[in-house]
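Student:
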Amino acid sequence: MSFSQDESEAIRNKQRVNYIYNFTKYISWENIENQNEFTIALLGEKDEALFEEFSKTAAQKKIKGLDVKIKSIQSRSEIQNLDILYIYKNYKVELDPILDEMYSNNALLVTEGFPFHESMINFIEIDEDFQFEINEEKINKASLLIDPALTSFSIQSTVDWDKLYNRLQEEIATVQNQQAELDKLAKKIKSQKDAIEEQQKILSETLDELRSKNALVEEQNAEIRKQEADIQRQLKKLNALLEDIDEQTAANNELKKTYQDQLDNVTIQTKKLEEQQQLLNENLSEIDDQKTLIKDQNEILGKQLSDLERQQIISWISIIFGILAIFFIVFMFRSNKKRRKSEYRLHKKNEELIELNHSLDSFTYRVSHDLKAPIVNMKTMIGMLNEYSDKEANPILPDLFENLDLSTSRLENTVTDMLELTRIERVDEIKSSVNIKNIFDALVTEYREELERIGATVSMDIKQSKVYASDTELTSVFQNLFTNSMKYRSKENALNISIKAVENKGRCEITYSDNGQGIDLKRHEEKLFNMFQRFTADSSIEGTGVGMYIIKKLISKNDGEVSLESESQKGLTYFINFPVEKK
């Protein structure tokens, strides 16, 4: 049962108790002044919540100046020494013998949902509010006096009662129409879900293609970096060659200068030869030696000029390689630009999908919320039809009503779970430092009676209790784990739940284990945390198939991780971790 159902039923229980207390103001009991206490008895299978509400009110309020005693009885034989008898709304019993006991005990009978004028005071719930009818004759027969003012507040005729019944019939028709609309909406949601899955498939293929292109781009970038390194090495060599060329140019300039000096010397010598012809013969051998030297120097100069030409050719080749590298870089830049355009289109598609998901969440919330009240009304009307129908004339009606009640309960649970899912999507809970041991202790206390009833044990070894998360959402996660363990417990062994928690590298690692029915992971691993998935063929176990989806969703929302180990009929183990501190 969801929190909203609990709160609604708690409010109705308060209304029941307040009505009964108010009735006592308008009804008088004989010899009440001789009593030490005022006794209210509740007949039928015990409703703990209602009994607790009666007890809580009895501790705070008196009736006719007397302390109030609340007790629970199971049969007609226990009807004695009481002032008011209340029959639980789901407890069906023949009223005539009960009324005889009321007459003899001078006690007031209060019922709920019985036919008109069969009880003393009888409730009926319409539109989540209570109406009541009074049989003054039967009250007086029990030697009780009733104030006429109370009668004026009640339904006083069968006509009024029939009007209420007709309203129930109209609401049934309305619920049936709404159910038809719900079926249409379900088909539409399925169609939209199929479309989303198709888009996700296309998106996945696009992502794979992008990953392939990214890998190619990375290879090309690596090749570019390699070529850039080669270009840098070539540039270094080119700079070294340019330095050599500069040095050789300087040497050539020096040789030219030397050559010019030598030419000047020759000119001088020639002038000297013209002036001193007679000295020519004497200096001829010296001039021949100088010509030989000049010839050798010319040969050296020719070789150096050839080396310079080769170095210029190498420089041109390096420049050509550099130009080719620039062209390659430009080509890669254009390819990268196309890739960024593809990424932008993919980003736009993602934004459209996010917007579609938000619209779908809002639509689901509105539909689930609007269906809540009609489903409650439909369950009430099915109960009334079951009560007033002629089962002997139509022997198939009990099974039909049972199936209708089961179906509406499942529908109500599904709508409740859908509301919880949309709340998870729409509400960002406040995160803080949370003590998980306190949460587990509270859950053990809350489910203590159920755990003791089924003979279950819970063991805890929590060495790290602090995590950074939402207290509300963590409570929901662990509550789902507890209820799943109890629902899917083994029919052969008593349930044993084990909880451990340690810190590892700044995260709290939680291990939650039970020895229940387990899950066949070989069959169900791929759809383990999907929505609307059930992993048992036992139809007697109630469930909507969204519990594990909610667990996964809430853990991920709180920066946590979850995995599962299990075998069929061998229990299961959850491995959950959360950050210890805010990131």
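Note that the sequence shown covers residues 1 to 583 in the numbering used here.
Each residue gets a CB set at the ideal place from its N, CA and C atoms; glycine is no exception.
Would you identify the three-state DSSP class for GLN517, choosing helix, strand or coil?
Tutor: Three-state DSSP puts GLN517 in coil, outside helix and strand.
Student: Thinking C-beta only, is ILE20 closer than 8 Å to TYR91?
Tutor: Result no, Cβ atoms of TYR91 and ILE20 do not sit closer than 8 Å.
Student: Measuring straight from C-alpha to C-alpha, what distance separates THR472 and PHE153?
Tutor: Cα to Cα, the separation comes out at about 43 Å.
Student: Does ASN177 come out as helix, strand or coil in the three-state DSSP assignment?
Tutor: It is helical.
Student: Out of ARG76, GLY44, TYR103 and LEU99, which has the shortest C-alpha to C-alpha gap to LYS89?
Tutor: Residue GLY44 is the option with its Cα nearest to LYS89.
Student: Should GLY113 be labelled buried (16 or more other beta-carbon atoms within 10 Å of its own) or exposed?
Tutor: It counts as buried.
Student: According to the Cβ coordinates, are ASN140 and PHE132 closer than 8 Å?
Tutor: Contact: no.
Student: Please say whether ILE454 and ILE436 have beta carbons closer to each other than 8 Å?
Tutor: Against a cut-off of 8 Å, the Cβ pair of ILE454 and ILE436 comes out as no contact.
Student: Hey, would you say ASN493 sits closer than 8 Å to ASN515, going by beta carbons?
Tutor: Contact: yes.
Student: Just checking, does the region 12-29 make contact with the region 46-55 on the three C-beta pairs under 8 Å criterion?
Tutor: Segments in contact, yes.
Student: Nearest CA to the CA of PHE440: which residue from ARG489, LEU203, THR408 and ILE497?
Tutor: Nearest of ARG489, LEU203, THR408 and ILE497 to PHE440, Cα basis: ILE497.
Student: Determine the extent of the alpha helix (DSSP H) in which TYR549 is found, giving its start and end residues.
Tutor: Here the alpha helix (DSSP H) through TYR549 covers 547-557.
Student: Who are THR573's beta bridge partners in DSSP?
Tutor: SER513 and GLU565.
Student: Buried or exposed: which applies to ASN577, given that a residue is buried once 16 or more other Cβ atoms fall within 10 Å of its Cβ?
Tutor: Answer is buried; the Cβ neighbour count reaches 16.
Student: Just mark GLU83 as buried or exposed, buried being the case when its beta carbon has 16 or more other beta carbons within 10 Å.
Tutor: The residue you asked about is not Glu; residue 83 is Asp in the sequence shown. The residue in question, ASP83, is buried, as its Cβ has 16 or more Cβ neighbours within 10 Å.
Student: Tell me, which residues are paired with ARG507 by DSSP?
Tutor: Answer is ASN504 and PRO579.
Student: Run through the region 127-161 for me and flag every whole alpha helix (DSSP H) of 4 or more residues, listed as ranges in chain order.
Tutor: The qualifying runs are 136-141 and 148-152.
Student: Might you give, ordered along the chain, the residues of its own chain that have their beta carbon closer than 6 Å to the beta carbon of SER563, omitting 5 neighbours on each side?
Tutor: For SER563, where only same-chain residues beyond five positions count, the Cβ hits under 6 Å are PHE575.
Student: Enumerate in chain order the residues of its own chain whose CB-to-CB distance from THR457 is below 6 Å, with the five nearest sequence positions on each side excluded.
Tutor: Excluding positions up to five away in sequence, the list reads ASN496.
Student: Please confirm whether SER465 and ALA442 have their CB atoms less than 8 Å apart.
Tutor: Not a contact, by the Cβ cut-off of 8 Å.
Student: Taking buried to mean at least 16 other C-beta atoms within 10 Å of its own C-beta, is PRO585 buried or exposed?
Tutor: For the chain, the structure presents residues 1 to 583; residue 585 sits outside this window and is missing.
Student: Answer yes or no: do THR24 and LYS64 have a C-beta to C-beta separation smaller than 8 Å?
Tutor: Cβ distance < 8 Å, so THR24 and LYS64 count as in contact.
Student: Within 10 Å of its beta-carbon, does GLY506 have 16 or more other beta-carbons around it, so buried, or fewer, so exposed?
Tutor: Looking at its Cβ environment, which holds fewer than 16 other Cβ atoms inside 10 Å, GLY506 is exposed.
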